[in-house]
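Residue numbers (my numbering): 200 to 377.
Let me begin by presenting the structure, written as structure tokens, before commenting on it.
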Amino acid sequence: MLKLSPAKQITLSAMCIALTVLSLYAAAVLPTMRIACYFLSSVFVYILCAEQAYLSAFLVYAASVALGLLLLPSKAALIPYALLLGHYGIFKTFLDEHIGDRLVGSVLKLLYCDLFFALAVLLAMFTLSFDLSSVALPIPLWTVVPLLQVAFFVYDLLYFTCQKIYLTRIRNAVIPRR
């Protein structure tokens, strides 16, 4: 794998930040397709992770959160990206490269997702005065956690699919190899 030049890293980072903030803005203002826009915003950080530019990927995440705080009409719309979806791609790519066992990797990714989802709920409860008991669910509360874990595995599978599409179809157009 060829190492990216600093100019290419900066260019890719700027493009990823712009696309991430655009999809976060769409998630904040569009009445439909919020989940798809959040998913799309989480995929752009993978472009730098695929080139093993993890520091640049983390800086893209941090800059996207900072710009989201400045530009989004609703700061609450930034919570899913800032607390889970934005940095998950960096963790997933790093973990997939360094852990060969898929079962162990899946368990670690599931624990990572559960931990940051719990932190997001706690942050919403204590800083935004979110009342968890006021959410009327048609199912018992104890079934929510397994359903969220199934949703996470679907998210992980879709993320993996986007990774493969990027590597096979888009990467050579974005980063020409000589």
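Ideal placement from N, C-alpha and C gives every residue a C-beta, glycine not left out.
Since we're looking at a predicted model, the values are computed, not measured.
{"Query": "Determine the direct distance from the alpha carbon of Leu366 to that of Phe359, and round the result to whole angstroms.", "Result": "11 Å"}
{"Query": "Using the beta-carbon count (16 or more within 10 Å), is Val242 buried or exposed?", "Result": "buried"}
{"Query": "Kindly provide the ranges of any alpha helix (DSSP H) runs that are 4 or more residues long and lie completely inside the segment 202-280, ordered along the chain.", "Result": "205-228, 233-242, 245-248, 253-270"}
{"Query": "Use the C-beta contact count for Pro339: other C-beta atoms within 10 angstroms, 16 or more gives buried, fewer gives exposed.", "Result": "exposed"}
{"Query": "Is the separation between the beta-carbon of Ala226 and that of Ala276 shorter than 8 Å?", "Result": "yes"}
{"Query": "With DSSP collapsed to three states, give me the class of Ile369.", "Result": "helix"}
{"Query": "Is it the case that the Cβ atoms of Phe316 and Leu347 are separated by a distance below 8 Å?", "Result": "yes"}
{"Query": "I believe Ile234 touches Ser263 by the beta-carbon criterion, under 8 Å. Please report the beta-carbon distance rounded to the nearest angstrom.", "Result": "At roughly 18 Å, the Cβ-Cβ gap does not stay under 8 Å, so Ile234 and Ser263 are not in contact."}
{"Query": "Assign Ile338 to one of three DSSP states: helix, strand, or coil.", "Result": "coil"}
{"Query": "In chain order, what residues of the same chain have a beta carbon less than 7 Å from the beta carbon of Leu379, not counting five sequence neighbours either side?", "Result": "Residue 379 lies beyond the stretch modelled for the chain, which goes from 200 to 377, so this question has no answer here."}
{"Query": "Apart from the five residues on each side of it in sequence, which residues of its chain come closer than 6 Å, Cβ to Cβ, to Gln208?", "Result": "Ala252, Ser255"}
{"Query": "My output table needs one value for Leu346: the three-state DSSP class, helix, strand or coil.", "Result": "helix"}
{"Query": "Sorted by chain position, which residues of the same chain lie with C-beta nearer than 8 Å to Phe290's C-beta, five sequence neighbours on each side aside?", "Result": "Lys308, Tyr311"}
{"Query": "First and last residue of the alpha helix (DSSP H) that includes Ile289?", "Result": "285-297"}
{"Query": "Go through its chain and collect everything with a Cβ distance to Tyr224's Cβ below 7 Å, but skip five positions before and after it.", "Result": "Leu270, Leu271"}
{"Query": "Excluding the 5 residues flanking Tyr237 on each side, which residues of the same chain have their C-beta closer than 7 Å to its C-beta?", "Result": "Ala226, Pro279, Tyr280, Leu284"}
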